[in-house]
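J.: Protein sequence lines correspond, in order, to chains A and B.
For any residue, its number in my numbering is found by taking its place in the first sequence, counting from 1, and adding 512.
For any residue, its number in my numbering is found by taking its place in the second sequence, counting from 1, and adding 512.
2 protein chains.
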Amino acid sequence: MSRAMAKWEQVEGDLATPAGFRGAAVAAGIKKAPDALDLALIFSDSPGTTAAGVFTTNRVAAAPVVLSREHLVESRGRCRAILVNAGNANACTGKAGLHTAQETARVAGELLGIEPSQVLVASTGVIGIPLPIDPILQHLPHLKESLSKENAKAVAQAIMTTDTFPKTCVVRSTTKGRTVHIAGVAKGAGMIHPHMATMLSFLTTDALMGERMLHHLLVEAAADSFNRVTVDGDTSTNDTVAAMASGLAEVSVIPGNDSRSWFAEGLTLLCQTLARMIARDGEGATKLITVEVVGARTPLDADRVARAIANSPLVKTAIAGADPNWGRIVCAAGYSGAKFDPAKIDVTVNELPLCRKGMDAGFDEGAAHREFEKKEIVLHVDLHAGRTSSRVWTCDFTKGYIDINSSYRS
Amino acid sequence: MSRAMAKWEQVEGDLATPAGFRGAAVAAGIKKAPDALDLALIFSDSPGTTAAGVFTTNRVAAAPVVLSREHLVESRGRCRAILVNAGNANACTGKAGLHTAQETARVAGELLGIEPSQVLVASTGVIGIPLPIDPILQHLPHLKESLSKENAKAVAQAIMTTDTFPKTCVVRSTTKGRTVHIAGVAKGAGMIHPHMATMLSFLTTDALMGERMLHHLLVEAAADSFNRVTVDGDTSTNDTVAAMASGLAEVSVIPGNDSRSWFAEGLTLLCQTLARMIARDGEGATKLITVEVVGARTPLDADRVARAIANSPLVKTAIAGADPNWGRIVCAAGYSGAKFDPAKIDVTVNELPLCRKGMDAGFDEGAAHREFEKKEIVLHVDLHAGRTSSRVWTCDFTKGYIDINSSYRS
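1) Within the 8 Å Cβ cut-off, does B:P644 reach chain A?
2) Roughly how many angstroms lie between the CA atoms of A:K886 and A:G778, to the nearest whole one?
3) Count the other C-beta atoms from every protein chain shown that fall within 10 angstroms of the C-beta of B:H727, then say buried if there are 16 or more, exposed otherwise.
4) I'd like to know if A:N570 contacts chain C, where contact means its C-beta is closer than 8 Å to some C-beta of that chain.
5) From which residue to which residue does the alpha helix (DSSP H) around A:Q669 run?
6) Do you know offhand how far A:P706's Cα is from A:D894's?
7) Is the shortest distance between the beta-carbon of A:V904 and the beta-carbons of chain B less than 8 Å?
8) Under three-state DSSP, which class holds B:H705?
9) Shortest alpha-carbon distance to B:A698 belongs to which of B:P653, B:R684, B:R792, B:K607?
10) Name the residue from B:S713, B:R882, B:G796, B:N837 whose alpha carbon lies nearest to the alpha carbon of B:L866.
11) Is there contact between the segment 518-530 of chain A and the segment 676-689 of chain A, where contact requires at least three CB pairs shorter than 8 Å?
12) With a cut-off of 8 Å, does the C-beta of A:S580 fall near any C-beta of chain B?
13) Look at the alpha carbon of B:E622 and the alpha carbon of B:V631, and state the distance between them as a whole number of angstroms.
14) Anything in chain A within Cβ reach of B:I639, meaning under 9 Å, just list it in chain order.
15) Quick one: does B:F852 have its CB under 8 Å from some CB of chain A?
16) Assess, as a yes-or-no matter, whether the segment 653-668 of chain A is touched by the segment 854-861 of chain B under the definition of 3 or more beta carbon pairs within less than 8 Å.
17) Let's see if you can read the secondary structure: which residues bound the beta strand (DSSP E) around B:H896?
18) Under a Cβ-count criterion, where at least 16 other Cβ atoms within 10 Å of its own Cβ denotes burial, should A:T910 be classed as buried or exposed?
19) Under 8 Å between the Cβ atoms of A:A668 and A:P653?
20) Report the option in B:G759, B:V572, B:V619, B:P628 whose CA atom is closest to the CA atom of B:S580.
21) Give the residues of chain A in contact with B:D858, contact being defined as C-beta atoms less than 8 Å apart.
22) How many Å lie between B:Y913 and B:L760 at the Cα?
23) Which complete beta strand (DSSP E) runs does the segment 586-634 of chain A hold, if anything under 3 residues is left out?
24) Once DSSP output is grouped into helix, strand and coil, what is the label at B:I694?
25) Between A:A598 and A:A670, is the Cβ-Cβ spacing less than 8 Å?
26) Of the residues that make up the segment 870-898 of chain B, which ones have a beta carbon closer than 8 Å to any beta carbon in chain A?
27) According to DSSP, B:T785 sits in a beta bridge with which residue or residues?
28) Whose C-beta lies closer than 7 Å to the C-beta of A:T829 among residues of the same chain, with five residues either side of it excluded?
29) Is the segment 535-542 of chain A touching the segment 718-732 of chain A in the sense that three or more CB pairs, one from each, lie closer than 8 Å?
30) Once the 5 residues before and after B:V572 are set aside, which same chain residues still bring their CB inside 6 Å of it?
31) Tell whether a beta-carbon distance below 8 Å holds between B:V763 and B:A719.
32) Under three-state DSSP, which class holds A:T676?
33) Output the distance between the C-alpha atoms of B:T710 and B:M725, rounded to the nearest integer angstrom.
34) Mind pulling the chain B residues with CB within less than 8 Å of A:I821?
35) To which residues of the same chain is B:A617 closer than 6 Å at the C-beta, ignoring the five residues directly before and after it?
36) Grab me the residues of B:L610's own chain with a C-beta within less than 6 Å of its C-beta, minus the 5 sequence neighbours each way, in chain order.
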């Protein structure tokens with residue numbers, strides 16, 4: 513497989529664009545709004561399907577996370593269905609919550625003619641309130657009957673909570689005359705400490721690979737995308753990224769082969785595109801902020817500085833007000849724990865220097881204000897302390913966030 | 513010195529209530545508002561005065577912090593004056609900023625008849641803009657002339673930035689017929705990641721002690737008060753707590769003696785009272801929140817859980833909306849890094865159980881809402897994992913914060 517054939521491009525489509533997949537969504541009454549889609553199913557018709565997942569590292573993991581981890585092990589990565597609901601996270605719900613997750617997976621498996629362990633489950637929404645099982649069991653037969661290529665588009669809508677737009681991305685590459693697709697949907701999160709707000713993403717592909725290969729590729733791509741939306745190792749109770757590979761494109765992804773880096777490139781492009789959509793749609797957000805840190809002493813230092821800046825409410829509120837308050841950026845770098853000389857740090861917004869050698873760069877206030885008014889902002893920080901770099905995505909921080917989160921349960 | 517005589521009580525007063533101190537404040541034109549007090553001086557008439565300070569651990573330390581650290585060493589803890597301005601932090605201002613700090617300390621020392629190294633300096637306000645030296649030099653003679661017992665009250669006002677009320681506390685204890693006072697003023701901070709917003713506090717006492725004793729006592733008291741307002745090791749560019757002891761009450765505080773624990777008790781009471789005022793007056797805050805964590809495996813685990821909850825914008829916005837969203841509290845504990853069994857955690861607000869053994873405690877929604885509507889809220893979390901505990905103070909998180917911080921510079 514030659515690298516010359518290995519271009520990936522974004523195309524229109526949905527989770528059923530890769531061969532072998534169908535999807536559907538229904539309004540089961542779990543969300544407060546009566547007609548809102550809130551229960552979705554993704555299914556692979558291919559018996560040879562492989563699956564993988566990466567999950568929250570939160571000690572308090574929701575029931576669907578606990579069960580899906582078990583199912584991936586039990587089925588040896590042969591899951592063929594993902595059942596997901598929005599409106600209730602089924603977290604902090606004890607044994608009853610686990611039973612609900614198990615029972616819905618069992619019934620879904622029965623309807624689909626697969627083992628219960630071949631069904632992954634995911635939930636998002638309010639924590640600590642029992643997830644009602646009846647509406648799910650009641651709507652499952654209809655949901656199964658609705659599975660189709662056409663209905664797969666609705667899945668992105670059904671998994672939304674406070675998201676303002678559905679997030680779908682499809683990428684395509686042609687190699688040796690065969691076309692491979694990777695598709696994904698995602699739902700986002702509050703953007704300040706997003707390790708507390710649920711991030712879900714479901715991916716499908718018709719490439720052919722073993723479940724361990726899929727797992728490794730998924731871990732790598734998530735580290736370079738979803739985990740850079742200021743989500744670090746600490747995550748919500750429900751965070752889940754799950755992928756299924758149908759193999760029907762008959763293009764193999766094999767360890768130690770060019771095919772691995774080729775597929776990794778497409779998967780990373782897909783995941784980064786979804787991750788940027790999540791950042792852009794942070795609760796109350798009006799701007800997408802990319803924080804780039806270069807010249808760090810170590811990769812850990814680069815990461816610390818990037819995340820400290822991206823997590824700083826003072827930086828993010830200043831950007832909401834288009835205030836070129838670069839002192840807050842330098843200050844966040846200073847408390848990040850990274851080692852650098854404060855008299856060497858440079859800060860640039862888009863192409864405009866704000867700070868040089870730790871001091872005001874003598875920028876034009878109006879020009880800086882206009883840069884910060886843009887919808888996409890790149891903060892570039894050079895520590896001049898070494899050769900490593902890091903990049904994270906975040907958003908500005910507005911009153912909209914408070915509106916959304918001060919009465920989420922009520 | 514018997515413990516029976518060692519009661520401390522809060523009394524009316526100001527920084528000049530302890531014998532030997534005078535104070536003054538003027539409007540030097542550093543703040544935007546033309547008549548706002550923004551330059552203050554605290555002076556001890558006692559040549560035997562000892563001094564100590566604890567400062568930010570931020571790698572990017574402001575010029576006054578750098579200089580004050582030097583002066584404490586150079587004078588061997590014999591500082592007798594504190595010169596402080598609000599409106600400009602003199603941070604990220606390079607060599608020029610350090611020169612301004614040095615020059616103002618030199619002129620103040622000259623006017624007061626003491627060495628430049630006996631003057632501590634502090635600044636708070638916007639970062640990265642040169643602190644104008646002329647208004648300070650111009651107003652210093654008048655400021656020195658204004659030093660008096662009566663004018664000391666104005667210092668608390670002059671150091672305010674976004675604070676909504678001046679913060680002063682005085683405590684008193686009588687031992688062997690002699691009365692000792694400790695007085696303090698403070699200014700506060702944004703409350704979300706307050707390690708980025710400046711916290712200043714200046715303390716005076718007429719107890720008699722060596723500079724090393726004062727330093728140790730100050731470090732201990734700060735750890736149990738100011739550093740528990742969700743401020744951890746990571747702090748702003750300017751954070752400063754400085755204390756001077758005039759010795760004029762002629763009551764000695766001596767190592768290895770009851771007098772040490774007696775004075776420590778008074779100093780901690782004073783600092784905790786000021787710390788709670790800072791939390792209550794967090795930017796945009798409407799409520800004082802105390803987070804108590806018990807039953808932790810280790811002190812570090814207790815601290816991690818308390819700070820994760822106190823720093824969580826999702827918890828704090830829920831409390832702003834009086835929403836008893838205990839799932840967010842459990843979730844924050846879960847990602848804190850502490851080890852505990854999620855099936856054992858209990859969460860209580862004031863006296864009302866919200867969560868028992870990781871699940872809904874079956875509380876009355878209206879009753880819980882009323883608890884969260886109170887102006888003082890205690891969140892009590894029992895991890896049932898060990899015997900250690902921790903406590904931090906914070907505030908709720910409202911739209912007022914965004915208003916204040918989205919255009920701080922402009």
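Each residue gets a CB set at the ideal place from its N, CA and C atoms; glycine is no exception.
Since the structure is predicted, the reported quantities are computational estimates derived from the model, not experimental observations.
T.: Answer, in terms of the structure:
1) No, no contact with chain A.
2) One C-alpha to the other measures close to 29 Å.
3) Classified as buried, B:H727 has 16 or more neighbouring CB atoms from the shown chains inside 10 Å of its CB.
4) Protein chains A and B are contained in the structure displayed, whereas chain C is not.
5) Counting along the chain, the alpha helix (DSSP H) containing A:Q669 begins and ends at 667-670.
6) Annotation note: pLDDT 42 at A:P706 (below 50); position unreliable, coordinate value reported separately. Cα to Cα, A:P706 sits roughly 25 Å from A:D894.
7) Chain B, which has no Cβ nearer than 8 Å to the Cβ of A:V904, makes this no.
8) Any answer about B:H705 is weak, because its pLDDT of 45 lies below 50 and its placement is not dependable; what the coordinates show is given next. In the three-state scheme derived from DSSP, where H, G and I count as helix and E and B as strand, B:H705 is classed as coil.
9) For B:A698, the nearest C-alpha among the options comes from B:R792.
10) Answer by Cα proximity: B:N837.
11) Yes, they touch.
12) Taking Cβ atoms only, chain B never reaches closer than 8 Å to A:S580, which makes this a no.
13) Separation of B:E622 and B:V631 (C-alpha to C-alpha, rounded to the nearest whole angstrom) is 10 Å.
14) Neighbourhood of B:I639 in chain A, by CB distance below 9 Å: N837, W838, G839, R840, V842, C843, in chain order.
15) For B:F852, a Cβ of chain A is located within less than 8 Å of the residue's own Cβ.
16) These segments do not touch.
17) Element bounds for B:H896: n/a, residue is neither H nor E.
18) Burial call: buried.
19) Contact flag unset, no.
20) Restricting attention to B:G759, B:V572, B:V619, B:P628, the CA atom closest to the CA of B:S580 is found in B:P628.
21) Residues of chain A whose Cβ lies closer than 8 Å to the Cβ of B:D858 do not exist; the shortest such Cβ separation is about 12 Å.
22) Each residue's Cα considered, the two are about 43 Å apart.
23) If we require 3 residues or more, the beta strand (DSSP E) runs fully inside the segment 586-634 of chain A come out as 593-600.
24) The answer is strand: DSSP assigns B:I694 an E or B state.
25) Against a cut-off of 8 Å, the Cβ pair of A:A670 and A:A598 comes out as a contact.
26) Those would be G870, M871, D872, in chain order.
27) The partner list for B:T785 (beta bridge, DSSP) is empty, contrary to what the question assumes.
28) Taking C-beta separations shorter than 7 Å and ignoring five residues to either side along the sequence, the partners of A:T829 in its chain run F909, following chain order.
29) The segment 718-732 of chain A is not in contact with the segment 535-542 of chain A.
30) Within the same chain, B:V572 has close Cβ partners T749.
31) Result yes, Cβ atoms of B:V763 and B:A719 sit closer than 8 Å.
32) Note: A:T676 maps to coil in three-state DSSP.
33) Annotation: B:T710 to B:M725 spans about 26 Å, alpha carbon to alpha carbon.
34) Here the premise fails: no neighbours, minimum Cβ distance about 11 Å.
35) Around B:A617: P628, V631, V633.
36) Excluding its 5 nearest sequence neighbours in each direction, B:L610 has C-beta neighbours in its own chain below 6 Å: A575, listed in chain order.
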